[in-house]
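Going by numbering that gives the first Met the number 0, the sequence shown opens with residue 0, and the numbers climb by one from there.
No residue lacks a Cβ here, since even glycine has one placed at the ideal position from N, Cα and C.
Have a look at the structure below before the remarks.
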Amino acid sequence: MVHNLKPKTRRREMISLFLSLASIGLLLSACTLPKVVSTNPDTFAQISSIYASNGTLITQVPTNIVRIPIPLSQMGSEIPKAVVAIEDRRYWKRGPIDIKSTIRAALADLSAGAVVQGGSTIEEQLVKLELGTPKRTLAEKTHEILLSLGSLAGTTKSIVLDKYLNDVYLGEGTFGIQAASLRYFSLNANQLNLVQAALLAGLINAPSAYDPILHPALALYRRNQVLNALYVNKQITKQQLSSSLSAPIQLNPSNTVVNPKLGYFSETVLNEAATLPALGSTPTQRLNLIEHGGLKIVTTEVQSQQKQAQKAVLDGIPNSANMPSGALVSINPANGAIEALVGGPGYNSGKAYSQFNMATQAQRPSGSTFKVIALAEALTQGFTAKSVFYAPKVLYVAPANHQSAWVVHNYEGEPTGYMTLLTATALSVNTVYAQLITKIGPANVVSMAHAMGIKSPLLPYNSIVLGAQPVTPLDMASVNATLADYGTYNAPYSISAIYDSSGKLIYSHALHPKQVLSPTIAATEIQILTHVMTEGTGVNASLYRPAAGKTGTGENWADAWFAGFVPQLATVVWVGYPSGEVPMIPPTTPIYVTGGSWPARIFAQYMTSALAASPIEQFRTPTSFAVAPPVPTTTSPPKVSTTVTTPSTALTNVIGMPVSLAESTLSGQGFKVSLSFAPSSEYPPGYAISQSPSPGVALVKDATIDLTVAKGTLTYPSIVVVPNLLGLTASQANETISSVSLSGSCTTNQQTGTSGANQTPQAVWEQSPIPGTQVPLGSTITCYNNP
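This is how it looks when you write it as structure tokens:
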């Protein structure tokens, strides 16, 4: 049988069916209604904030979605009444469902077979917002009503409106009244007047269409609709309506709400946060939480030091066109906390490369600052501050272990001759360290570098000792912090703790200190590096308190470094052109920029200011780490050895030296030399290719060393190193001259200009050439001895 119902009858039945189904659904789901919790991360996005170590706000995290929750009591009176007037004028008088509006909307929706009218109360809109269900089907509409009735049961009207006004989207990436007030007017919500509040209330219906920045005419039309609704709702007088309708739209947009300014330090913080598993299992999850989660990120930045670091870099480089840039990283050695960081000319300066963080992202040759790592390895292997090396102006390192031949030059003015490792470090003598790397092994130096804090990739080449391979200022700051803490490595970090939007702690940095270098070795190296500051290349970095450091100048003056520390703070400064390896020499720069010039001065200015309120601390000495010998458990006298030991000398490695230098070196140690010749594919003619016994073996003096030399004729005269005759008697000096195939003898001549106590009888007091000079075989030596 076919029922031919009239339209009104059919409509009533559909309404009855709709309400019956809603009632049944409500009863069936009353015990299982979900809580109002968002499943859409964009819906309740909150802006995250970055704080200094003292809790002061540094900046907010840039995001295209901003939400700044505030209580309803802080929104003022204009916003709540404007929103209620246009969105749900009977809000304060009825329950969570507006029956009249729902029935009216249901008639239109059922006739159309889809939702064509809203009729939603603020409660229903809130449910829809929190469930993130933008599609409007009949089933979802029914579900929305059920949730409004069930999940908000017992919730006060004020709480519902508070949550709604904090969650609703108002365009331009802003969620909630406070974020929108700041975005459009640069005002807090409680500072808005009537027409401003009406404008924001009008955005709720269609934020993009009524955007006052993009569509001011439509925004004005919608604002006036809200003002009329306020009048109809008896919230304003006719006079207020009239004056408000004639008011123009006056915006004062703030870009910092949706695009806050970052800095080098805050950018470093965000990059570190993106790696923390506590913020999510995938990079996407972590990024979403950082940008939209309303996090409170507490950093290690010490604000006073950060300001001083920025000023020191700015003051230390001339403020004129085409000058290089500077970077600075300052770390607390006790825990690895980064307390100050400057990555360039100013993150928001608009200059080229200004937002490229040179402190953490740029890898540049570190020059001689890398020698501190080689020194650590050398001391670990048994070298001491008093180990003696010969330092020529130019050193040829023969090819070996798949490495090319290496010619090393000292910088102009660096001394030559015999010197201790301490002196070679203080004066940054390249040819000494070039010899050192061949003895300790570049692979061992690479391992030491990574252990002390270098994260950049490194290759085991000899040239690594002169800083030829690129690293970051953060790498070198970490290395120096490890030294300052006597060999204890703490990974550098910029985030102390992170709290979620409710204030719950979700991440706290945990320290994992690792002893990578013996404290005694570290203390020994620190003592050596203090001489760099007091009498070496780093005198411009002097702090008038105990300090250690090292200068570094890259090839062709393209990079200049200073790396140094006191017990409480380690700091590295780099100066160079961010665009690439541009020589910092006149006329490009006013001076030849070396590590001992601008970087050293920047270091001194920053450290002096940063440590102004800190006590002066002394470095610990190597002996302070010595372990006391065990207490004897017996009173018996110790046994006395009757074995007679013959004084011995460790055999020097002369492989790769010209034969004349090899012979004079071994002769100087008191050994005899026996030569043989053999072909070699690795070494040039005339260079030592092997020796027996092996280097390092302890031998008594007068032992014979078998030295094998590459076949062929040298293209330059045989070279002899002038021995040190000072202090010897005349007969000893003459014997020494003869033993190294030189000519000449000493002349007796009274020493003058010195007190009698220092005029040792018969002792040599002057010689020419000076000790360590390279001269052709057979050259004449002149010396003078006292009567």
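### Query
In the structure shown, what three-state DSSP assignment does I64 receive?
coil
#### Entry: Three-state secondary structure (DSSP) of T519
helix
### Query
So what does DSSP say about D474, is it helix, strand or coil?
helix
### Query
Of all the options A218, A569, Y543 and S596, which has the alpha carbon lying nearest to the alpha carbon of G335?
A569
### Task
Within the same chain, show all residues whose beta-carbon is closer than 8 angstroms to that of A603, passing over the 5 residues directly before and after it, in chain order.
N539, A540, S541 and L542
### Query
At what residue ranges does the region 409-451 contain a whole run of the beta strand (DSSP E), taking only runs of 3 or more?
416-419
### Task
Below 8 angstroms on the Cβ atoms is my guess for A200 versus V82; work out the distance and round it to an integer in Å.
5 angstroms
### Message
Measuring only from the beta carbon, is F174 closer than 8 angstroms to any heavy atom that is part of the ligand NAP?
### Response
Ligands are entirely absent from the displayed structure, and the ligand NAP is therefore not among its contents.
### Message
Nearest by alpha-carbon distance to R221: which of S778, V574, V194 and V231 is it?
### Response
V194
### Chain-order list of residues whose beta-carbon lies under 6 angstroms from that of K790 (same chain, five-residue window excluded)
Residue 790 lies beyond the residue range present for the chain, which begins at 0 and ends at 786; the question has no answer from this structure.
### Rounded straight-line distance, which links the Cα of L294 to that of I505
10 angstroms
#### Entry: Meets three-Cβ-pair contact criterion under 8 angstroms: the region 172-181 and the region 84-91
no
### Whole runs of the alpha helix (DSSP H) within the region 268-297, excluding any shorter than 4 residues
282-291
### Task
Count the other C-beta atoms from every protein chain shown that fall within 10 angstroms of the C-beta of V639, then say buried if there are 16 or more, exposed otherwise.
Residue placement at V639 cannot be trusted, given a pLDDT of 32 that sits under 50; the coordinates are not used to answer.
### Task
Name the one or two DSSP bridge partners that N784 has.
T747 and V763
### Message
In this structure, how does DSSP classify V301 when only helix, strand and coil are distinguished?
### Response
coil
### Query
Given G54, which residues of its chain have a CB within under 8 angstroms of its CB, disregarding the five upstream and five downstream residues?
V297
### Message
Quick check on this structure: which residue in P414, E376, L457 and L465 has the alpha carbon closest to the alpha carbon of N443?
### Response
E376
### Message
Taking its Cβ as the centre, do 16 or more other Cβ atoms sit within 10 Å of S329, making it buried, or is it exposed?
### Response
buried
### Task
Quick one: measure Cβ to Cβ for T430 and L394, integer angstroms, because I've assumed they're closer than 8 angstroms.
4 angstroms
### Message
Buried or exposed for S609, going by 16 or more other Cβ atoms inside 10 Å?
### Response
Per the sequence shown, the amino acid found at residue 609 is Ala instead of Ser. Result: buried.
### Query
So E338 is in the beta strand (DSSP E); what residue range does that whole segment cover?
I337 to V341
### Query
Do L213 and S207 have their CB atoms nearer than 9 angstroms?
yes
### Query
Hey, T523 and A373 are a contact pair by Cβ (cut 8 angstroms); roughly how many whole angstroms apart?
The Cβ separation is near 14 angstroms, so there is no contact.
### Query
Who are the Cβ neighbours of A521 in its own chain at under 7 angstroms, not counting the five residues just before and after it?
L482, Y485 and G486
#### Entry: Y183 (DSSP reduced to helix, strand or coil)
helix
### Query
Tell me the DSSP bridge mates of R89?
The partner list for R89 (beta bridge, DSSP) is empty, contrary to what the question assumes.
### Message
Short of 7 angstroms in beta carbon distance, which residues of its chain neighbour I121, apart from the five on each side in sequence? Order them along the chain.
### Response
E86, D87, Y90, V159, L160 and Y163
### Rounded straight-line distance, which links the Cα of S72 to that of P79
10 angstroms
### Message
I'd like to check one pair, T552 with Y410: are the Cβ atoms closer than 9 angstroms?
### Response
yes
### Task
Rounded to whole angstroms, what's the CA-CA distance from Q59 to L269? Just pull it up for me.
11 angstroms
### Message
Suppose you measure from the CA of P657 to the CA of P770; what does that come to, to the nearest Å?
### Response
18 angstroms
### Query
Smallest Cα separation from V371: which of A308, G292, N204 and G563?
G563
### Query
Going by the CB atoms, is the gap between Y417 and P441 shorter than 9 angstroms?
no
### Of the residues H408, G548 and G685, the one placed nearest E554, counting alpha carbons only
H408
### Message
When you compare the region 575-592 with the region 271-290, are there three or more beta-carbon pairs, one atom per stretch, that lie closer than 8 angstroms?
### Response
no
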